[in-house]
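Take the numbering used here: the final residue in the sequence shown is number 161, and no numbers are missing along the way.
Just so it is clear, CB atoms sit at the ideal spot from N, CA and C, and this is done for glycine as well.
As structure tokens, the structure follows; a few thoughts come after it.
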Amino acid sequence: MFDDDFELPDDLAAMADQAASALANMGEEYAADACNDADRLLGFAEKAHKAADEQALLAEMTEMFSIAHNFKGQGLTFGYDLVTLFGEALCELTRPQNNPSRENVPQAVKLAAALHTILHQRLSGDGGTTGAALREELGLVA
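The structure is reproduced here in structure tokens:
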């Protein structure tokens, strides 16, 4: 794992490799747990889409922000790059300080659905061709 321009002592390199391996193995456990959050996120997105008034809309967007913020911070740690990328985009869109509005709802619903797909289909890393299609569809192409 550590093949940079510097050399770690063997014992530290072994510990770092062991930690990296443990995190990689935790990726499946993370995805299984995160699927529950993705289900909840999609539910909040659907409620935001149907919100009767601005107060209800903001309540759903705030719930979405909370989950998106966690996704943004956790995805890369467990090898789910797209969870971080899409979580960050959704976090920005739903952040209460950014005054989310009805205009934001269609994109928020798409991002929530994409996160749901990514986690339920276990699209780790960049998600391959499916990940590329999702990034393009949502305008998150690098």
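With a threshold of 8 Å on Cβ separation, who are the neighbours of residue i within its own chain once the five nearest residues in sequence on each side are excluded?
| i | result |
| --- | --- |
| Thr81 | Thr113, Pro115 |
| Leu157 | Phe105, Ala108, Gln126, Lys129, Leu130, Ala133 |
| Lys66 | Ala75, Glu79 |
In the structure shown, what three-state DSSP assignment does residue i receive?
| i | result |
| --- | --- |
| Gln140 | coil |
| Gly70 | The residue asked about is misnamed: residue 70 is Ala in this sequence, not Gly. Ala70: coil per DSSP, three-state reduction. |
| Glu156 | helix |
| Ala38 | helix |
| Gly147 | helix |
| Leu27 | coil |
Excluding the 5 residues preceding and the 5 following residue i in the sequence, name in chain order all residues of the same chain whose CB lies nearer than 7 Å to its CB.
| i | result |
| --- | --- |
| Ala70 | Leu76, Glu79 |
| Pro28 | none |
Suppose the cutoff is 6 Å on Cβ atoms and the five residues either side in sequence are ignored; what does the same chain contact list for residue i look like?
| i | result |
| --- | --- |
| Leu95 | Thr103 |
| Leu61 | Ala131, His135 |
| Pro119 | Met80, Thr113 |
| Ala53 | Leu138 |
| Phe63 | Glu79, Glu82, Met83 |
Do we get a CB-CB distance below 8 Å when we pair residue i with the residues of chain D?
| i | result |
| --- | --- |
| Asp145 | The displayed structure is made up of one protein chain only, and chain D is not part of it. |
Practice item. Quick one: which unbroken alpha helix (DSSP H) runs of 4-plus residues sit fully inside the region 59-134? Chain order, please. Key: 73-93, 100-113
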